[in-house]
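Engineer: Would you mind keeping the following structure in view while I ask a few things?
Number of protein chains: 2
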Amino acid sequence: MEKQTTIKDIAIALNISTSTVSRALRDAPDVKAETKAAVKALSEKLDYQPNRLALSLLNRQTNTIGVIIPNLDYVLATMVKGIDEVALEAGYTVMVCQSDESYGREIVNTKRLLDSLVDGFIVSVSSETKIFEHIKKIQDKKIPLVLFDRIVNNIAAPKIRLDNIDGGIQATEHLIEQGYKKIAILAGPENLNISNKRMEGYLQTLKAHSLRTDKGHIIHCDFNQQYAYEATKELLASKNRPDAIFTISDRMAIGAMLAIKEKGLSMPHDIGLVGFNNEPIVSLVTPAISSVEMYAFEIGKATARAYIEMMSGAAGMSDQEIIIKPKLFIRASSKRR
Amino acid sequence: MEKQTTIKDIAIALNISTSTVSRALRDAPDVKAETKAAVKALSEKLDYQPNRLALSLLNRQTNTIGVIIPNLDYVLATMVKGIDEVALEAGYTVMVCQSDESYGREIVNTKRLLDSLVDGFIVSVSSETKIFEHIKKIQDKKIPLVLFDRIVNNIAAPKIRLDNIDGGIQATEHLIEQGYKKIAILAGPENLNISNKRMEGYLQTLKAHSLRTDKGHIIHCDFNQQYAYEATKELLASKNRPDAIFTISDRMAIGAMLAIKEKGLSMPHDIGLVGFNNEPIVSLVTPAISSVEMYAFEIGKATARAYIEMMSGAAGMSDQEIIIKPKLFIRASSKRR
DNA sequence: AACCTTACCGGTAACGCTACCGGTTTTTTC
DNA sequence: GAAAAAACCGGTAGCGTTACCGGTAAGGTT
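Line order of the protein sequences matches chains A and B. For the first sequence, my numbering begins at 688 and goes up steadily by one. For the second sequence, my numbering begins at 688 and goes up steadily by one.
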C-alpha cells in the first residue's frame, strides 16, 4: 500500500504551507487565484484525495451509517437496496453487517461499529434477539438510531415498518371471502414482533367473522421452508384438518405447498394458501401463490430518509413511526370463486 | 451524539498520563499491577472503547475490506455471506457497496472507499463495466485487490471464480447424454466473462460430439427473466426449433420455462432445460429444473481467505487463480432417460 | 510621512491514540 | 553505603486535516 498523497506533499512541492493548500482546495476567499490554480493543478496531477479518517477524527463524524440486519434474504436485500440508494444520494456511506440471525453476532457487530466507525445506526433485529441492551446502549451514547422492519417496541426511536396487522387481516379476509372456514396459520418464531402482528390480524379477522380459533391451527415455527413443510404435514394429518393456510412468509408458503402436494390435496379446491412478502418465486410455482406485498424497497428508502431527517436534527423524530400499507396479490392458490 | 470516553478522561480521573493509560490497557510490562487494575476498572466502568479512527490514522490501516458487487441477488448475497464470515473471524470489518450493475456507481463507490476508508478491495465487476481504469487505479496505488466471480482478465490479482467452462460442459454433456440434439443456449450479456465461459463450455462440448452449432441457437440477452422469456418464445417459433435449452442463470431458466409452458410443450419430453446457479427456487417449480451448482458460499469464503493471505504478505499471491468446480444437479426438466 | 486597509499566507493546536525517549524512584548488589 | 539495575511513569511528536489567530507586505488615505 503506497503512501497516499497528502496535503503536505502538495505544500512542500509548491513551497507553501499546508493551511494554504487546505484553503485553496476548499476555495476559500483569502487565497490568491494563481495559488489556487497551482494547488488544484498539482492535486489533480498527484490524484490527491482527502483522508476521510483524519476528517472524521477532526469533525467527530464519519458520514457513515451502520446497518445491522439479520440476514440477506430477498426481503432484506431489497430493503438494503432502498437504504443504499437514498443514503448514497445524500452523501452517506453505508456499512452493512449481517448478524446471521444470531444474537451474539448482532452484539459483536454493534460493538465494532460503535468504535467510532459510524455516527448512526439503522437496525433490524435478529429473530434470536430477546434482550435489547446493546440497542439501548446505542441510545445511551446518544447515537442516532432508526429501527426498521423487525422493530423493538419498548425503545423510543423512529420506526419504519409494514402494517403487519393489516397484512394479516387482508390475507385472512380474503380467505374467508373465498369460503374457507378453517384457516390455520404458520406463524414465525414466538418472540418476533412482525410475525405476532401478522397473527394478530389473523386472529382479529377470525373473531370479526365469528369463526372459532382452533389452538391447534396456530403453529409457531422458524422462518424456514423445512419446518413449514413438517408443520403442514402435521396439520394435514390432524383430525380437525384446516381448509386454508396462511403463512407469514413465502418461504414457509413454499414448504406448505410441498406438503399439500405430497398429500395429494389440490389448491385452491381442498386447501387455500396465502403467503407473505410477494417474492418473485410465488408467481412461478404451480399453482401461483397469493401473497402479501410488503414494499420492501419503499421501506428501505423511507428508513434512510428518516435517518437523514433525524441527523439534520428534525424535531419530533425521536419516536415517529412510519407505517407502510401492504397489499395482497391474489393468485391461483387461494382463488376458488 | 455524546462524547465518547477517551483515554484522556481516564488519565485525568486517575491523575496519571495518557501514555500510562494506553500501556495499561494493552498490558504493557512496565506498568504497576495496581495501576493496571485501576485503569481497567475505570475503563470498564466508563465503557471505554478505543477510537478506531484514531488508530487507523496512526497505523495507516483500517482493517476494513471494501467489497464492491453489482447487486445483491441470491448468488452474490451468498458469496457476501461467505466473505463476511471469514473476514469477521479474522478481525476485519466488511464494507459492502453495490453498484446496481451500473458502471458509474461502481466508480463512485470505488472512489469513496479509496478515501482511506478501506485498506483493500474485493471486487466483482458490474455487467455494464467495460473499462477498468478504476480497478487499475486501485492497483496503481498499491492497494491490495482480490477479484471474484465476475473477474477481469487482464488485471493481475488473485482471482476466485467458478470453473465456468466446466459448468457449461457438464450441462451440455448431460443434455446430449439425454438424447437432445439441438441444444440452444441463452447466454448473458456479450462482454460478461462468466457467461462467455459457460458458452465456451457449451460450444466445446457440441464440437466434441460433432454436433452442428446453429448460430440462431445462441442468444445473448440480459440476466433477466423477462428477456429470457421473450428470447425463448422466439427460439420456439423459429424454423429450426431447439429440443433443449441451456440458460446461464436460473432466473433465465425460469423465464424459459414460462415460455415453454405457454407454448404447450412439455419438459423434459419436448424440450430439455438446464439452468445455472442451483438457486433454491429451481427445485420448487414444476418440473424441477436441473441446474449447475456454483458453490457461492465457498467462493465467498475462499475469496476472503485469499484476501487475508495477501494482506499477510504471502508471496506468489499476486496472480493466483482459485477455481471452484461446479456440479450439475439433475432434475425433472432434463431427465428423459 | 504616518496611519489604516486589504490581500494573502504561515504557525499552532486540536481530534484520540501510541512509539519512543528520557527521567524518577525504588530495589538490588557488593 | 554507594553504585548499578530495575521498575515505573511522563512528555513529546506525529498520523492528516482544518479552525483560528496572527503576521507581513502592498496599496490606499489623510
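Ideal Cβ placement from N, Cα and C applies to all residues, glycine included. Just so you know, these numbers come straight off a predicted model, no measurement behind them.
For B:Lys1014, write down the residues that DSSP places opposite it in a beta bridge.
Structural biologist: For B:Lys1014, which the question treats as bridged, DSSP gives the partners B:Glu980.
Engineer: Would B:Arg1024 be called buried (16 or more neighbouring beta carbons within 10 Å of its own) or exposed?
Structural biologist: With fewer than 16 other Cβ atoms within 10 Å, it is exposed.
Engineer: Beta-carbon within less than 7 Å of A:Ser970's beta-carbon, same chain only, minus the 5 sequence neighbours each way: which residues are those?
Structural biologist: For A:Ser970, where only same-chain residues beyond five positions count, the Cβ hits under 7 Å are Arg1018.
Engineer: How would you label A:Pro967, buried or exposed, when you count the other beta carbons within 10 angstroms and need 16 or more for buried?
Structural biologist: By the neighbour-count rule (16 or more Cβ atoms within 10 Å), A:Pro967 is not buried but exposed.
Engineer: Near B:Ile932, what residues of its chain come up, given a Cβ to Cβ distance below 6 Å and the 5 sequence neighbours on each side ignored?
Structural biologist: Closer than 6 Å at the Cβ level, and outside the excluded window around B:Ile932, lie Ala871, Ala943, Leu960.
Engineer: Taking only beta-carbon atoms, is A:Ala764 less than 8 Å away from chain B?
Structural biologist: Chain B contact via Cβ: present.
Engineer: Could you confirm whether any beta carbon from chain A is found closer than 8 Å to the beta carbon of B:Lys1012?
Structural biologist: No, because no Cβ of chain A sits closer than 8 Å to the Cβ of B:Lys1012.
Engineer: Could you give the uninterrupted runs of the beta strand (DSSP E) lying entirely in the region 753–795 of chain A, keeping only those of 3 residues or more?
Structural biologist: As far as the region 753–795 of chain A is concerned, its whole beta strand (DSSP E) runs of at least 3 residues are 780–785.
Engineer: Sorted by chain position, which residues of the same chain lie with C-beta nearer than 6 Å to B:Asp771's C-beta, five sequence neighbours on each side aside?
Structural biologist: Counting only Cβ-Cβ distances below 6 Å, and skipping sequence neighbours, we find Val781.
Engineer: Quick one, which of A:Gly807, A:Leu922, A:Tyr761, A:Ala698 has its alpha-carbon nearest A:Val754's?
Structural biologist: Residue A:Gly807 is the option with its Cα nearest to A:Val754.
Engineer: Assign A:Val972 to one of three DSSP states: helix, strand, or coil.
Structural biologist: Coil.
Engineer: In the DSSP assignment, the beta strand (DSSP E) including A:Ala931 goes from what residue to what residue?
Structural biologist: Taken as a continuous stretch (DSSP letters only), the beta strand (DSSP E) holding A:Ala931 covers 931–934.
Engineer: Between B:Ala918 and the rest of its own chain, which residues show a CB-CB distance below 7 Å, the 5 nearest in sequence each way excluded?
Structural biologist: Same-chain partners within the cutoff: Leu873, Ile906, Cys908.
Engineer: Using only CA atoms, which one of A:Gln891, A:Ser803, A:Lys824, A:Thr707 lies nearest to B:Gln736?
Structural biologist: Nearest C-alpha to B:Gln736: A:Ser803.
Engineer: Quick one: what does DSSP say A:Thr751 is sitting in, helix, strand or coil?
Structural biologist: Strand at A:Thr751.
Engineer: Are the region 808–826 of chain A and the region 778–795 of chain A in contact at 8 Å, needing three or more beta carbon pairs?
Structural biologist: Judged by Cβ distances under 8 Å, the region 808–826 of chain A makes contact with the region 778–795 of chain A, as three or more pairs qualify.
Engineer: Which residues of the region 795–816 of chain B have a Cβ closer than 9 Å to any Cβ of chain A? Give them in chain order.
Structural biologist: Against chain A - using a Cβ distance shorter than 9 Å - the residues of the region 795–816 of chain B are Val795, Asn796, Lys798, Arg799, Leu800, Leu801, Asp802, Ser803, Leu804, Asp806, Gly807.
Engineer: So A:Phe984 and A:Lys768 are in contact, right, with Cβ under 8 Å, and what is the actual spacing, rounded?
Structural biologist: So it is a contact: roughly 6 Å between Cβ atoms.
Engineer: Buried or exposed, going by whether 16 or more other CB atoms sit within 10 Å of the CB of B:His821?
Structural biologist: Under this definition B:His821 is a buried residue.
Engineer: Closer than 9 Å, Cβ to Cβ, to anything on chain B: give me those residues from the region 926–937 of chain A, in chain order.
Structural biologist: So the list is empty, because no residue satisfies the distance condition.
Engineer: May I have the straight-line CA-CA distance separating B:Gly866 from B:Thr892, to the nearest angstrom?
Structural biologist: Distance between the alpha carbons of B:Gly866 and B:Thr892 is about 14 Å.
Engineer: Am I right that B:Gln826 and B:Leu834 are in contact with their C-beta atoms under 8 Å? What's the rounded C-beta distance?
Structural biologist: B:Gln826 to B:Leu834, Cβ: 11 Å. No contact.
Engineer: For B:Arg1024, name the three-state secondary structure that DSSP assigns.
Structural biologist: Residue state, collapsed to three classes: coil.
Engineer: Tell me the rounded alpha-carbon separation between A:Ile947 and B:His861.
Structural biologist: Each residue's Cα considered, the two are about 32 Å apart.
Engineer: Would you say the beta carbon of A:Lys1022 comes nearer than 7 Å to a heavy atom of the ligand MG?
Structural biologist: Of the ligands one can find in the structure shown there are none, so the ligand MG has no counterpart to examine.
Engineer: Does the beta carbon of A:Met954 come closer than 8 Å to any beta carbon on chain B?
Structural biologist: Answer no: the Cβ-Cβ gap between A:Met954 and chain B never drops below 8 Å.
Engineer: Does the separation of the CB atoms of B:Asp646 and B:Asn927 fall below 8 Å?
Structural biologist: Nothing about residue 646 of chain B can be reported from this structure: the residues present for chain B run from 688 to 1024 only.
Engineer: For B:Pro876 and B:Val805, I'd like the C-alpha separation in whole angstroms.
Structural biologist: Whole-angstrom Cα-Cα distance: 31 Å.
Engineer: To test your reading of the DSSP string, which unbroken alpha helix (DSSP H) runs of 4 or more residues are found completely within the region 842–916 of chain B?
Structural biologist: Fully enclosed alpha helix (DSSP H) runs of 4 or longer: 851–864, 880–895.
Engineer: Would you please verify whether the beta carbon of B:Ser743 is less than 8 Å from any beta carbon of chain A?
Structural biologist: Closer than 8 Å to some Cβ of chain A, the Cβ of B:Ser743 qualifies, so yes.
Engineer: With 8 Å set as the bound, which would you pick, yes or no: does the beta-carbon of A:Gln865 sit closer than that to a beta-carbon of chain B?
Structural biologist: It does not; no Cβ of chain B falls within 8 Å.
Engineer: Between which residues of its own chain and A:Lys695 is the CB-CB distance below 7 Å, once the five residues before and five after are set aside?
Structural biologist: Within the same chain, A:Lys695 has close Cβ partners Thr705.
Engineer: Under 7 Å between beta-carbons, which chain A residues line up against B:Arg739? List them in chain order, please.
Structural biologist: Within chain A, the residues near B:Arg739 are Asp802, Ser803, Leu804.
Engineer: Could you check what DSSP says for A:Gly942 in three-state terms: helix, strand or coil?
Structural biologist: Residue state, collapsed to three classes: helix.
Engineer: Hey, is A:Val718's beta-carbon within less than 8 Å of any beta-carbon in chain B?
Structural biologist: No, its Cβ sits nowhere closer than 8 Å to a Cβ of chain B.
Engineer: Taking Cβ to Cβ, would you say B:Gly903 is nearer than 8 Å to B:Ser925?
Structural biologist: Yes. Within cutoff.
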